[in-house]
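In our numbering, the protein residues as written are 121 to 259. No residue lacks a Cβ here, since even glycine has one placed at the ideal position from N, Cα and C. This report refers to the structure that appears directly beneath it.
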Amino acid sequence: LSPRVTRAQLATLLWGAIPEVRDTNAPPAPEVATDVIDHPNRQALVRAIGLGFLGVARETHRVRVDAAVVRAEFPAVLKRLAQLVGRGRRPVRCLSGDSGTGALAACDILPESKSRTVSGKETLRAIERTARMAREGGS
Numbered sequence: 121l122s123p124r125v126t127r128a129q130l131a132t133l134l135w136g137a138i139p140e141v142r143d144t145n146a147p148p149a150p151e152v153a154t155d156v157i158d159h160p161n162r163q164a165l166v167r168a169i170g171l172g173f174l175g176v177a178r179e180t181h182r183v184r185v186d187a188a189v190v191r192a193e194f195p196a197v198l199k200r201l202a203q204l205v206g207r208g209r210r211p212v213r214c215l216s217g218d219s220g221t222g223a224l225a226a227c228d229i230l231p232e233s234k235s236r237t238v239s240g241k242e243t244l245r246a247i248e249r250t251a252r253m254a255r256e257g258g259s
């Protein structure tokens, strides 16, 4: 219900809502995120980093766990999710290439908004719809 989702909350939502995120063998992250080490959602964050959902800044070695997820960066997370859940299947058009938030709105994955960040409700809905589309082959 949060009006804005943090990167830690995103990792937790991915972990909790999508079995493939929990069950897929993730390679160890090449970089250590110092702000994850003592975080209560450490397991979900480490998995999200290892699976390529969140990046670690090379200069600071931080993933910025408390930073809000910016709407402009969210399509990349959903594309990565579609790749993971779809297991190599070609993703639907709105989740492939350089499609942005407009394409996600057209596919009814993420509504258009003037907000710079995504809310909890939008995030969970987008994650669930993306996973369903990837599993069904985009139908």
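| message | Tell me which residue opens and which closes the alpha helix (DSSP H) that L224 is part of. | response | T221 to A226
| Which first and last residues belong to the alpha helix (DSSP H) in which A137 is found? | R127 to A137
| Cutoff 7 Å; reference I169; Cβ partners in own chain excluding five residues on either side | A149, A153, V176 and V183
| If V189 and T243 are in contact, beta carbons under 8 Å, what's the gap, nearest whole angstrom? | 7 Å
| said: L171 and A146 - do their beta-carbons sit closer together than 7 Å? | reply: yes
| request: State yes or no: is the C-beta of R191 within less than 7 Å of the C-beta of V238? | output: yes
| query | In three-state DSSP terms, what is T237? | reply | strand
| query | Any idea if R127 is buried or exposed, counting beta-carbon neighbours within 10 angstroms, 16 or more meaning buried? | reply | buried
| task | State the Cα-Cα distance for the pair S259 and A251, rounded to the nearest angstrom. | result | Unreliable positioning characterises S259 in this predicted model, as indicated by a pLDDT of 45, which lies under 50. A coordinate reading is not provided.
| query | Beta-carbon separation of R255 and V205 under 7 Å? | reply | yes
| My guess is that N161 and A187 are in contact by the Cβ rule of under 8 Å, so how many angstroms apart are they, rounded? | N161 to A187, Cβ: 14 Å. No contact.
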